[in-house]
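Below is one structure, written out as structure tokens; the observations come after it.
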Amino acid sequence: MLYGAPSVFIVIIAGILFFLSFEIFGFINSIDNKNIMDFERDVKKSYRKYRKQEKISDDKTFIGVTPNKKDVYVPNDAKHIFVCGTTGSGKTVALSNFIESGIDYDYPMLIIDGKGDIGTNSILDIVTTMKEDRKVYIINLNNPNISDKYNPFKNTSPTKIKDMLMSMTEWSEDFYRLNVDRYLQRLIFLLDMSGETISFKSIVENMSAEKFLLLSAKLEKDGIITKQENVFNIDLIKNSEKIVEGSYARFSTLFESELGSIFDGRGVDILTAIKENAIILFILNPLTYPEISPLIGNLIILDSKKAVSGLFDDKIKRAFFIFDEINVYASKELLNLVNKSRSANVTSILATQSLSDLDEAAGVHFKEQIIENCNNYLILRQNSDINAEKFAAIIGTRNSMDITYQIKSEKGMTSDTGLGSMRNTREFLYHPDEIKNLKTGEAIFISKDNGYHSRVNINKPI
Ligand SMILES: Nc1ncnc2c1ncn2[C@@H]1O[C@H](COP(=O)(O)OP(=O)(O)OP(=O)(O)O)[C@@H](O)[C@H]1O
Ligand SMILES: [Mg+2]
């Protein structure tokens with residue numbers, strides 16, 4: 201009886217705990233990963249507001265912290281930033297810091313996602329989560345039905361449009377290039393004279409010899425061109441008909457695919473988006489359209505060049521051009537764009553998996569030029585020895601002392617002889633092995649703009 205009361209008490213407590221364990225188990229089960237992620241995002245969102253106020257006074261982008269927990273920033277007018285890391289190493293997360301900063305500072309932004317992800321943590325997800333009240337155009341090759349319309353030829357002279365079309369492809373023979381050039385030039389001039397909005401659609405629709413002849417005849421009938429001009433056009437069309445067939449086929453493949461509906465005369469171009477202080481995001485789709493995606497990528501780069509020329513005349517405070525997976529659309533034109541963009545107050549941030557990818561996509565020269573043109577490198581994990589060594593060399597070396605001691609061994613005893621040598625050597629600031637062993641989200645940041653370098657744990661804003 202004496203110890204009867206405590207045992208009843210223990211039994212009751214055990215019963216309550218037993219009952220609660222079901223409740224707790226059920227609660228834990230109800231929190232799936234998505235809820236945890238949403239919660240984490242909400243917390244980060246409130247923290248963002250505080251950080252935004254802290255950094256807004258000084259134009260710079262927070263990218264993460266050093267191992268000693270010191271904040272690392274990149275000035276927003278940095279002479280371009282190159283982000284490189286193997287798949288899954290954290291490139292897109294690294295870029296999201298610049299997207300966040302562009303939103304905080306209210307910069308217009310051009311963003312190209314060469315890979316075309318649309319799931320959680322994709323650039324699309326990052327932009328739509330962070331955008332606040334910013335105007336956003338999304339040109340989405342993954343889902344043409346919900347994509348915004350795009351017209352890279354908006355506000356562009358007929359000659360420039362022709363040049364853009366010509367630069368979409370590489371020409372192995374001058375003979376073909378010259379003929380297609382003349383044919384397109386004439387066609388676009390006639391379209392312009394007919395009062396039609398020049399778009400990819402109107403060009404492709406009128407590019408066949410048959411349609412081109414009809415257009416010229418109609419313009420003569422309406423008194424817009426002379427009879428002589430019509431005869432000249434007929435000659436040009438008949439002589440070049442066979443030669444332009446290949447280009448016509450290439451353009452129509454693009455236009456007749458589901459992607460054709462994106463290219464619409466009423467669509468936006470990059471300059472218009474930037475002038476509206478908007479964010480324009482292109483999501484390519486190289487998996488479904490391996491041949492068309494680089495063509496469209498090229499067209500976007502040409503449109504960006506046009507935008508940069510427009511920004512020379514009408515300067516803006518700053519814009520960010522963010523290029524993810526550049527290997528999908530790497531070209532001389534991209535290089536040219538990066539070269540020219542700086543004087544138009546554009547900071548370019550380019551990301552790719554490895555330097556070897558750039559070799560493959562656009563040649564060794566392209567890779568070297570990208571390295572030359574960027575003064576800031578965010579190097580994430582590299583898998584290959586060659587890439588790790590190349591980056592270690594880019595970051596540089598420091599002086600170190602190589603000291604040797606001579607030792608002797610007598611009767612099983614080892615001792616110092618007092619002799620030795622000392623010489624100056626150079627060692628890597630960051631050894632290739634260190635670059636190969638970086639974990640996800642860890643990087644080495646080096647700025648040749650101001651000589652700064654450090655290991656950084658990259659911030660994940662959402
Ligand atoms: N700094 C970081 N902090 C926390 N998690 C990170 C960080 N960087 C990356 N991750 C996580 O690692 C995964 C891969 O990141 P991310 O998509 O940025 O890699 P990536 O290099 O762009 O890969 P891919 O080449 O496949 O596009 C994601 O799940 C992401 O959430
Ligand atoms: Mg990525």
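Start counting the sequence shown at 201; every next residue gets the next number (our numbering).
Just so you know, even glycine gets a beta-carbon here, dropped at the ideal spot from N, CA and C.
As the structure is a computational prediction, the values presented were derived from the model and not from experiment.
So, using beta-carbon positions, are residue i and residue j closer together than 7 Å?
i, j, result
"I263", "I549", "no"
"N444", "Y337", "The question names Asn, but residue 444 in the sequence shown is Val. No, they are not a contact pair."
"K279", "N575", "yes"
"I311", "I522", "yes"
"N477", "P308", "yes"
"G666", "E568", "In the structure as shown, the chain begins at 201 and stops at 662. Residue 666 is therefore absent and cannot be evaluated."
"T597", "R626", "yes"
"A294", "I658", "yes"
"K260", "N276", "yes"
"A592", "F628", "yes"
"L499", "M407", "no"
"T286", "R581", "yes"
"K362", "D464", "no"
"E458", "P344", "yes"
"N527", "A551", "no"
"I578", "A519", "Per the sequence shown, the amino acid found at residue 578 is Leu instead of Ile. No, Cβ-Cβ distance for L578 and A519 is not below 7 Å."
"L390", "I398", "no"
"G497", "L471", "no"
"S447", "V380", "yes"
"A530", "L487", "no"
"S289", "I326", "no"
"Y630", "I595", "yes"
"I662", "R241", "yes"
"L384", "L413", "no"
"I492", "L454", "yes"
Quick check on the burial criterion: 16 or more other C-beta atoms within 10 angstroms. Buried or exposed for residue i?
i, result
"S440", "buried"
"T155", "Residue numbering for the chain in the displayed model covers 201 to 662; residue 155 lies beyond these limits and cannot be assessed."
"P490", "exposed"
"I216", "exposed"
"A449", "exposed"
"S461", "exposed"
"I346", "exposed"
"T640", "exposed"
"M613", "exposed"
"G302", "buried"
"Q428", "exposed"
"D258", "exposed"
"T197", "Only positions 201 to 662 of the chain appear in the structure, and residue 197 is not among them; the question remains open."
"L378", "exposed"
"R386", "buried"
"F375", "exposed"
"F298", "buried"
"N599", "exposed"
"T328", "exposed"
"I210", "exposed"
"E300", "buried"
Is it the case that the CB of residue i approaches a heavy atom of ligand 1 more closely than 6 Å?
i, result
"S289", "yes"
"T328", "no"
"V293", "yes"
"T640", "yes"
"K475", "no"
"N321", "yes"
"G285", "yes"
"I483", "no"
"I658", "yes"
Within its chain, find whatever has a CB closer than 6 Å to the CB of residue i; leave out the 5 residues flanking it on each side and keep chain order.
i, result
"A409", "I437 and E441"
"I424", "M393"
"M201", "For M201, the predicted model reports a pLDDT of 45, less than 50, meaning its position is unreliable and no value from the coordinates is stated."
Among residues of its own chain, excluding the 5 on either side of residue i, which ones have a beta-carbon nearer than 7 Å to its beta-carbon?
i, result
"S654", "T266, V272 and F645"
"L537", "I501, S504, K505 and V508"
"D616", "Y605 and I607"
"P494", "V528 and Y529"
CB-CB under 8 Å to residue i, same chain, minus the five flanking residues each way: which ones, in chain order?
i, result
"S543", "F512"
"L324", "D313, D317, I318, I338, N340, L481 and I483"
"S452", "V404 and M407"
"G620", "I603, T604, Y605 and Q606"
"E420", "T426, K427, E429 and N430"
Taking 7 Å as the CB-CB limit, is residue i close to chain B?
i, result
"D381", "Of the protein chains in this structure there is only one, and it is not chain B."
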